[in-house]
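This report concerns only the one structure given below.
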Amino acid sequence: MGHAVSYRSGLARIAVAGVVWGSIPLLSRQVDTSALVIVFWRVALAFAAATIILLLRRRLSDVRRLTPRRLLGLSAMGVVLALNWVLFFSALQLTSVAVAVLLTYTGPVLVTALSPLVTREPFDARALAPLGFALAGTVVIVGPAGLALSGGTHLLGAALAFASAFTYSIGVVVAKRLLEGIPVPVYMAGETLVASVVLLPAMLLLPGPSTAVEWGSLATLGVVHTTGTGLLFLTGLRAVRADHAAILTYAEPVAAVLFAAAFLAEPLTLPTVAGGAMVVLGGVLVARMEPTP
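Below, the structure written as structure tokens:
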């Protein structure tokens with residue numbers, strides 16, 4: 405993935421990553437342990453896979469070329485990554501999937517607002533319409549029933565989901581800047597290494613996975629849903645605007661609904677289909693945009 409990526413190819417990579425991420429709730433349900441432990445094994449296995457890629461490509465020397473400033477930025481992104489995923493998985497455990505997903509997917513709205521401030525990309529008013537379609541479609545998919553909150557636990561879960569959206573937005577816009585000077589496999593290995601170190605105490609102190617199904621789910625989350633899709637997303641992010649990339653990640657909640665229908669026998673309702681169509685429309689509008697000068 406060292407060759408140049410075109411704008412449309414970058415958008416396609418991000419959309420594919422979003423679709424694959426839609427299956428994360430299916431896998432997380434197979435692991436009965438703390439969110440901290442789930443995220444530790446996800447990033448630790450992702451680090452192992454990314455390191456193998458660097459070894460096979462004989463690119464470990466790229467790590468030594470990083471400046472202290474870039475190493476510091478990469479370390480900070482590892483902490484943000486760990487925090488983001490811990491917040492999201494904790495939200496899934498404390499409140500409904502619908503509330504967790506909807507509040508987490510206010511993240512692209514925050515990316516659109518923060519991107520001009522952090523990435524130096526000028527504000528793109530064209531992104532507002534597809535962003536609106538994607539966000540509204542997600543609201544329709546969730547529906548009023550899914551948004552019902554009852555009790556302090558659910559409210560805490562909702563707060564954690566919104567915090568996850570904020571850390572997600574920070575991660576996207578800062579990654580866009582850092583990727584200007586850091587090769588994608590190096591970025592992936594460094595970020596997941598730091599996240600693993602941050603979460604190591606949780607792995608040592610809390611009960612971990614014990615069955616083959618749990619280990620298989622974690623391995624898939626680490627290798628496929630983190631390293632594989634992470635390489636797709638980051639190479640795509642290098643080629644496209646951060647706000648356009650964030651809007652295309654709305655493919656994730658749509659894919660999650662379809663995966664739930666296929667594998668969990670959850671029915672596809674008319675609002676779900678209509679909301680999914682709105683999200684897809686938002687993605688199509690972004691895909692048809694020409695890059696800004």
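The numbers in the sequence shown follow this note's numbering, run straight up by one, and end at 697. For each residue, glycine too, the CB sits at the ideal point set by N, CA and C.
In this structure, residue 439 lies away from residue 507, with their beta-carbon atoms at least 8 Å apart. A residue is called buried once 16 or more other Cβ atoms fall within 10 Å of its Cβ, and residue 645 is buried on that count. Measuring C-alpha to C-alpha distances from residue 409 to each of 496, 643, 667 and 679 identifies 643 as the nearest. In this structure, DSSP gives residue 469 a state outside helix and strand, which the three-state scheme calls coil. Between the alpha carbons of residue 493 and residue 588 lies a gap of roughly 25 Å. Distances from the CA of residue 488 to each of 574, 539 and 421 were compared; the closest alpha carbon is that of 574. The criterion of a C-beta distance shorter than 8 Å is not satisfied by residue 657 and residue 544.
Leaving aside the five residues that flank residue 534 on each side, the residues in its chain whose CB is nearer than 6 Å to its CB run, in chain order, 651, 686, 689 and 690.
For a cut-off of 8 Å, the C-beta gap from residue 631 to residue 416 is around 19 Å, too long to register as a contact. Note on residue 637: 16 or more other CB atoms within 10 angstroms of its CB, so buried under the neighbour-count rule. Around the beta carbon of residue 504, 16 or more other beta carbons lie within 10 angstroms, which makes this residue buried. Annotated as distal: residue 648 and residue 529, with beta-carbon spacing of 8 Å or more.
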